[in-house]
Amino acid sequence: QTVARPDFKEAANATFYDNEFNVRVRGNPFLEISHIINADLRWEWYLSEIDNLSVALFYKDMDKPIERVVQAASGTAGNTRTFQNSDSAALYGVELDGRFEFILGDGYDQTLFFAFNAAFIESEVTANNQEDRSLQGQPEYTANLIFGYDHVSAGHQLTVLLNQNGKSIADVGVSGQPDVFLEPRLDLNVIYRFGISDSLTLKAKLENLLDDEIEYTQGGQIFQVYNRGPSIQVGLDWQF
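The opening position of the sequence shown corresponds to residue 32 in our numbering, with each subsequent residue numbered one higher.
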């Protein structure tokens with residue numbers, strides 16, 4: 032059993048601006064702590080010392096989950112988001128994991144690896160006598176593929192990450208308003224590391240290379256759509 036406490040923005044009696052949505056978000060100082068009961072069952076198969084597969088079934092029972100909602104108001108105040116406790120929620124699903132490594136040449140100096148993770152999730156919220164719906168922020172599925180190359184003696188390490196999340200509720204509609212949904216999108220990131228010395232490492236990260244559209248819908252209509260654009264980060268990590 033675990034608890035989830037409101038973070039600062041959720042509980043602060045203040046309003047801040049959400050640049051992504053172009054809306055105001057107001058905290059709720061009356062939020063209650065969420066209590067969560069967790070249960071899971073996992074099977075693991077080790078095909079070698081490194082190669083493995085696993086399947087997990089999981090279940091969560093949540094009391095007073097915190098969700099972001101469209102504030103019930105008229106005029107400009109109706110374009111404000113806030114947070115509230117729903118009555119209860121249940122979340123369950125199956126998760127698949129695997130990792131496989133391939134040795135290039137003699138020894139373990141150069142290796143290729145492939146890993147994947149996928150989860151298929153059902154969630155159901157009970158809130159204020161409303162019709163049951165999915166939990167805010169919880170996608171229907173998540174999927175990750177990871178490809179990597181590691182050359183130990185040369186100090187090179189390259190990792191390619193591909194991710195996709197299913198459709199999810201971004202903001203819960205209240206007082207008859209439709210929910211705002213975040214539509215699925217594909218994301219590709221590349222990370223490169225080069226060990227210059229035992230204490231100095233060069234790091235480069237290329238993010239959002241596919242620049243897939245970020246699309247929100249409400250009532251079956253496009254609510255907001257934009258492209259974030261690719262980005263690159265380069266840095267040095269020096270360990271004393």
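Ideal Cβ positions, reconstructed from N, Cα and C, are used throughout, including at glycine.
On the three-state DSSP scale, how would you describe residue i?
| i | result |
| --- | --- |
| E41 | helix |
| N258 | coil |
| N110 | helix |
| G129 | strand |
| D268 | strand |
| D94 | strand |
| E238 | strand |
| S199 | strand |
| N166 | First, the residue type needs correcting, since residue 166 is Leu and not Asn in the sequence shown. In this structure, L166 counts as coil in the three-state DSSP scheme. |
| S280 | Residue 280 falls outside the range modelled here, since the chain spans only 32 to 271, and no answer is possible. |
| D243 | coil |
| N148 | strand |
| S6 | No answer is possible for residue 6: the residues shown for the chain start at 32 and end at 271. |
| A185 | coil |
| Y77 | strand |
| N220 | strand |
| F178 | strand |
| D49 | strand |
| Q102 | coil |
| V205 | coil |
Excluding the five sequence neighbours on either side, which residues of its own chain have a C-beta within less than 8 angstroms of the C-beta of residue i, listed in chain order?
| i | result |
| --- | --- |
| L217 | L193, N194, Q195, L241, D243 |
| W74 | S85, V86, A87 |
| S119 | D92, M93, D94, K95, P96, V156, T157 |
| I253 | E246, Y247 |
How close, in whole Å, do the beta carbons of residue i and residue j come, if the pair is a contact with beta carbons under 8 angstroms?
| i | j | result |
| --- | --- | --- |
| A146 | L127 | Between L127 and A146 the Cβ distance is about 11 angstroms, and since that is not below 8 angstroms, they are no contact. |
| V211 | Y247 | 6 angstroms |
| L122 | F133 | With a Cβ gap of about 36 angstroms, L122 and F133 do not count as contacting. |
| N110 | R55 | 7 angstroms |
| S184 | D140 | 5 angstroms |
Under a CB-based cut-off of 8 angstroms, is residue i close to chain D?
| i | result |
| --- | --- |
| E126 | Of the protein chains in the structure, only one exists, and it is not chain D. |
Please determine, among the options, the residue with the shortest C-alpha to C-alpha distance to residue i.
| i | options | result |
| --- | --- | --- |
| I245 | A42, D38, E41, F52 | F52 |
| T46 | F151, S117, R112 | R112 |
| D38 | R57, G197, Q249 | R57 |
| T190 | R224, N50, E214 | R224 |
| S228 | W269, L219, P215, G260 | W269 |
| Y77 | R259, F131, D137, A174 | F131 |
| S230 | L219, L213, Q255, G186 | G186 |
| Y90 | D163, E153, F178 | E153 |
| V34 | Y48, H66, N50 | H66 |
| G207 | E214, Q102, N83 | Q102 |
| F271 | G260, T232, G251 | T232 |
Could you name the residues of the same chain whose beta carbon sits closer than 6 angstroms to that of residue i, not counting the 5 residues immediately before and after it, in chain order?
| i | result |
| --- | --- |
| F151 | G124, V125, Y172 |
| L72 | L88 |
| I222 | T190, K236 |
| Q249 | P209, V211 |
| I81 | E132 |
| I68 | Q32, D92 |
| N220 | L192, E238 |
| Q188 | D181, R224 |
| G129 | L84, F147 |
message = With three or more C-beta pairs closer than 8 angstroms as the rule, is the segment 149-169 touching the segment 196-206?
response = Verdict: yes, contact present.
ask   = Does the count of Cβ pairs from the segment 248-268 and the segment 222-238 closer than 8 angstroms reach three?
value = Result yes; three or more Cβ-Cβ pairs closer than 8 angstroms.
inquiry  = Three Cβ pairs or more, each shorter than 8 angstroms: is that satisfied between the segment 58-78 and the segment 39-49?
reply    = Touching, yes, given that three or more Cβ pairs across the two stretches are closer than 8 angstroms.
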